[in-house]
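Chains G and W, in that order, are what the protein sequence lines are. Here the first sequence stands for residues 266 to 593, numbered as in the numbering used here. Here the second sequence stands for residues 26 to 335, numbered as in the numbering used here. Beta carbons are placed, not taken as given, at the ideal position from N, Cα and C, and that holds for glycine. Report on one structure; see the data block that follows.
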Amino acid sequence: MNRVERIGRVVRRTLLHALPTALGIVILVFFLLQLVPGDAVDVLAGESGSATAATMAHLRAQFGLDQPIVLQLYHYLGNLAHFNLGFSPRYNAPVMDLVISRLPSTLLLMLLSQGVAIVIGISLGVVMAAWAGKWPDRLLSLLALLLYSTPGFWIGLMALILFSVHLDWLPSGGNATIGAELAGWANLKDMLRHAVLPVLALSSFFIAIYARLTRAAMLEIARQDFVRTAHAKGLSPLVVTLRHILRCALLPITTVAGMHFGNLLGGAAVIETVFSWPGLGRLALEAVMARDFNVLLGVLLLSAFLVILANVLVDLLQSWLDPRIKVR
Amino acid sequence: MTHSAPDNPRHNTMTPDSNSATFSPRPPAFRLSAQLRAFLRNPAGMAGLLLLLAVLLMALLAPFIYPGDPLDMVAQPFLWPGANPEFPLGTDSLGRNVAAGIVHGSQVSLQIGLSAAVVSLLIGTLMGALAGYFGGIVDDVLVHITEMFQTFPTFLLVVVLVAIGQPSVTLISLAIGVASWPTIARLVRAEFRSLRESDFVLAARSQGFSNVRIIFQEMLPNALPSIIVTTSVMVASAILIESALSFLGFGDPNRVSWGSMIGEGRESLRTAWYLAALPGTALVLTVLSLNLVGDALNDALNPRLRSRDA
Numbered sequence: 266m267n268r269v270e271r272i273g274r275v276v277r278r279t280l281l282h283a284l285p286t287a288l289g290i291v292i293l294v295f296f297l298l299q300l301v302p303g304d305a306v307d308v309l310a311g312e313s314g315s316a317t318a319a320t321m322a323h324l325r326a327q328f329g330l331d332q333p334i335v336l337q338l339y340h341y342l343g344n345l346a347h348f349n350l351g352f353s354p355r356y357n358a359p360v361m362d363l364v365i366s367r368l369p370s371t372l373l374l375m376l377l378s379q380g381v382a383i384v385i386g387i388s389l390g391v392v393m394a395a396w397a398g399k400w401p402d403r404l405l406s407l408l409a410l411l412l413y414s415t416p417g418f419w420i421g422l423m424a425l426i427l428f429s430v431h432l433d434w435l436p437s438g439g440n441a442t443i444g445a446e447l448a449g450w451a452n453l454k455d456m457l458r459h460a461v462l463p464v465l466a467l468s469s470f471f472i473a474i475y476a477r478l479t480r481a482a483m484l485e486i487a488r489q490d491f492v493r494t495a496h497a498k499g500l501s502p503l504v505v506t507l508r509h510i511l512r513c514a515l516l517p518i519t520t521v522a523g524m525h526f527g528n529l530l531g532g533a534a535v536i537e538t539v540f541s542w543p544g545l546g547r548l549a550l551e552a553v554m555a556r557d558f559n560v561l562l563g564v565l566l567l568s569a570f571l572v573i574l575a576n577v578l579v580d581l582l583q584s585w586l587d588p589r590i591k592v593r
Numbered sequence: 026m027t028h029s030a031p032d033n034p035r036h037n038t039m040t041p042d043s044n045s046a047t048f049s050p051r052p053p054a055f056r057l058s059a060q061l062r063a064f065l066r067n068p069a070g071m072a073g074l075l076l077l078l079a080v081l082l083m084a085l086l087a088p089f090i091y092p093g094d095p096l097d098m099v100a101q102p103f104l105w106p107g108a109n110p111e112f113p114l115g116t117d118s119l120g121r122n123v124a125a126g127i128v129h130g131s132q133v134s135l136q137i138g139l140s141a142a143v144v145s146l147l148i149g150t151l152m153g154a155l156a157g158y159f160g161g162i163v164d165d166v167l168v169h170i171t172e173m174f175q176t177f178p179t180f181l182l183v184v185v186l187v188a189i190g191q192p193s194v195t196l197i198s199l200a201i202g203v204a205s206w207p208t209i210a211r212l213v214r215a216e217f218r219s220l221r222e223s224d225f226v227l228a229a230r231s232q233g234f235s236n237v238r239i240i241f242q243e244m245l246p247n248a249l250p251s252i253i254v255t256t257s258v259m260v261a262s263a264i265l266i267e268s269a270l271s272f273l274g275f276g277d278p279n280r281v282s283w284g285s286m287i288g289e290g291r292e293s294l295r296t297a298w299y300l301a302a303l304p305g306t307a308l309v310l311t312v313l314s315l316n317l318v319g320d321a322l323n324d325a326l327n328p329r330l331r332s333r334d335a
């Protein structure tokens, strides 16, 4: 099967399979949100303190909140077909603009933390598998279990106390130094400095997952015949470990990485709040509190697309790792 | 009327089932004790179990150790740990006893952890069993629903569900359970798909057992070991989700929880870092104990994996 055909299959499967899933989520959440007491106008009125029943009714009519639910859903889906995510009463801006403006910083956080988690996690797993049962394995296994048991936001807070409050090495919040008009290299350095602690907090749990998974997968594969053959050919243990065992172990790891991508935004919501990082997760939490449901739906839809995209990449990566795997 | 099940690894052919029309899928006693012994031999698992029992004891004895509402103001605020022997872990920004909060907080964590795990076990087992047993269009539909829930960020779903009513321990448990069942469903589905082909299920079918009976009496007990192992992980992750929820202020306002203590401690992180550090330590130790027990159970119930670690 050539490359073009393979990618074509993935795209077709995505369209047939994943898009209805995303649409299902939107419709399910839409009805779920109708059960939540209060709407955006209630929250706005409560905050302004000077709203009359007439102005509230006017606002509801303006945002279409007075219409029957089914009609609201119909309008929402109609807008969606035109790539319009609706309007946010809270921020007084189109949801698409809001979501797009927050996307880069969340994407930076997610990709950096997944990258860090995969590199550190797999390295730890390789070391643990190589010394299985001996003290480096026991020590690292305990460390991995400890990371697995620790909430990321708490690691973030403790790191904040140490590195930001006591040592004053790193900034304590935000994603850039306010007021500093930096450009180019200095700007990137500033952004990365701000990202260190949130990335640490968000990646800790995933480091543990990848490390444990790598260890288990490598030990499983190390007992197979082709590994014995590779050893018998006289290949060095390092080559066998990295080129033969690790390559096979990457298959389950990529599957799990794709599976966890959906949860990443939930974790990011908490971490973004701790570090006042202007991202999508925090936007979603604020949207729930402000009853600004268009924004919440927009964030969820975007996150569903990210998950779908991640799974497509995992599929392609797996068929590259193991050519026997046919793209479904 | 003899139907032995030679392919069923948990079914010992030596059990006298010749005079009964039904199988007893329960493993014979000596098998269980071997697993129990494997568990007891595991020092990490035993340490986890002892730690877990200590937390459980703390939760049960909380009303006796620190009677009264842990949310009451009892002393001057910001008393550091060790400064006053009456309040060994100090007091928070409102003069509440931190030690009392930690002891009472164990109740919320364990309550929510256990009941959320039960909810997700019920939904997940049912969904997974139906999908794995029937296959075909039932499987397609249920797998689609499972995937939908997995595409959804679990934590945000919990936040939305909790926003529907007044945040209470019951509602939070339900929300976490409803948001996290896909893990169980995937596992049970995989188990049932492989069990479906085994001889003892065929034998049960040929005896004319109903689907309900085959699913719950024949197949479920065989899928139980992996479900048990996953349950401890589910309890641990439910406790973590609850802590994040109450850390952000979405928790039950009438109950003290470790997450809410960390959240309030965050306000005075620069001056009194112990307020966030102490409840967090209790949280980590509790979740760690569950994961240690889970790992040991996994080693004991899946001997194939056990030999691998040796």
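When you compare only the Cα positions, how much space is there between residue i and residue j?
i	j	result
P416(G)	L281(G)	37 Å
G380(G)	I266(W)	24 Å
L350(G)	V391(G)	45 Å
Q301(G)	A325(W)	Sequence inspection shows Val at residue 301(G); the Gln mentioned does not correspond to that position. V301(G) and A325(W): Cα-Cα distance of roughly 45 Å.
M26(W)	F225(W)	Its pLDDT being 34, under 50, M26(W) is placed unreliably in this model, and the coordinates cannot settle the point.
A424(G)	L155(W)	46 Å
F418(G)	M244(W)	41 Å
R62(W)	E485(G)	24 Å
R403(G)	V312(W)	19 Å
A382(G)	L581(G)	21 Å
T538(G)	Q175(W)	23 Å
G527(G)	L181(W)	10 Å
P53(W)	L249(W)	Any reading at P53(W) must be qualified, since the residue scores a pLDDT of 49, below 50, and its modelled position is unreliable; the value itself is stated next. Computed Cα separation, rounded: 15 Å.
Y91(W)	A460(G)	42 Å
R458(G)	S429(G)	11 Å
Looking at residue i: is its Cβ nearer than 9 Å to the Cβ of residue j?
i	j	result
F217(W)	Y158(W)	yes
L376(G)	T479(G)	no
L374(G)	I536(G)	yes
A575(G)	G532(G)	no
L300(W)	D117(W)	yes
G153(W)	R230(W)	no
L303(W)	I127(W)	yes
G288(W)	L273(W)	yes
L199(W)	L220(W)	no
I420(G)	S469(G)	yes
Among the options, which has the Cα closest to the Cα of residue i?
i	options	result
P106(W)	D97(W), G120(W), I137(W)	G120(W)
I189(W)	E270(G), G303(G), L453(G)	G303(G)
S568(G)	L529(G), L582(G), S366(G)	L529(G)
I573(G)	P207(W), Q132(W), M286(W), E172(W)	E172(W)
S353(G)	L581(G), P588(G), W585(G), V560(G)	V560(G)
A142(W)	L315(W), A72(W), A321(W)	L315(W)
Q132(W)	H169(W), L82(W), V187(W), D164(W)	L82(W)
N323(W)	A200(W), M98(W), I253(W), L227(W)	I253(W)
D164(W)	A215(W), I197(W), A204(W), S205(W)	A215(W)
A84(W)	V281(W), E292(W), G290(W)	V281(W)
T208(W)	T179(W), N236(W), L186(W)	T179(W)
L308(W)	L75(W), P113(W), G115(W), G130(W)	G130(W)
S285(W)	A59(W), S268(W), R295(W)	S268(W)
P517(G)	D455(G), L586(G), A552(G)	L586(G)
H431(G)	S193(W), N327(W), L294(W)	L294(W)
Against residue i, what residues of chain W qualify as contacts under a CB-to-CB distance less than 8 Å, listed in chain order?
i	result
T286(G)	H169, E172, M173, T176
T538(G)	L273
M524(G)	Q175
Which chain W residues are close to residue i, counting only those with a beta carbon under 7 Å from its beta carbon?
i	result
V553(G)	V184, V185, A188
I212(G)	No statement about residue 212(G) is possible, as the shown extent of chain G runs from 266 to 593 and does not include it.
I426(G)	L294, W298
What residues from chain G crowd round residue i, counting only those whose CB sits closer than 8 Å?
i	result
N316(W)	L410, Y413, S414
Quick one: which chain G residues come within Cβ less than 7 Å of residue i?
i	result
S268(W)	P416
R291(W)	L422
T197(W)	A quick correction: the sequence has Ile, not Thr, at residue 197(W). Within 7 Å Cβ-Cβ: nothing; I197(W) doesn't reach chain G, min ~15 Å.
Cβ closer than 9 Å: which chain W residues qualify as neighbours of residue i?
i	result
A514(G)	Ordered by position in chain W, no residue passes the 9 Å Cβ test against A514(G), which lies about 14 Å from the chain.
S568(G)	T176, F177, P178, L181
Cβ closer than 9 Å: which chain G residues qualify as neighbours of residue i?
i	result
R66(W)	Near R66(W) there are no residues of chain G at all, since even the closest Cβ is about 15 Å away, more than 9 Å.
L308(W)	S414, T415, P416, W419
Review point. Is it a yes or a no for the segment 496 to 511 of chain G touching the segment 426 to 439 of chain G, going by three-plus beta-carbon pairs under 8 Å?
Key: no
**Study point:** Stretch pair the segment 454 to 471 of chain G + the segment 403 to 410 of chain G: three plus CB contacts closer than 8 Å
**Key:** no
**Study point:** Cβ pair count under 8 Å reaching 3, the segment 305 to 312 of chain G against the segment 320 to 340 of chain G
**Key:** yes
Practice item. Report yes or no: do three or more beta-carbon pairs, one from the segment 135 to 147 of chain W and one from the segment 543 to 550 of chain G, lie closer than 8 Å? Key: no
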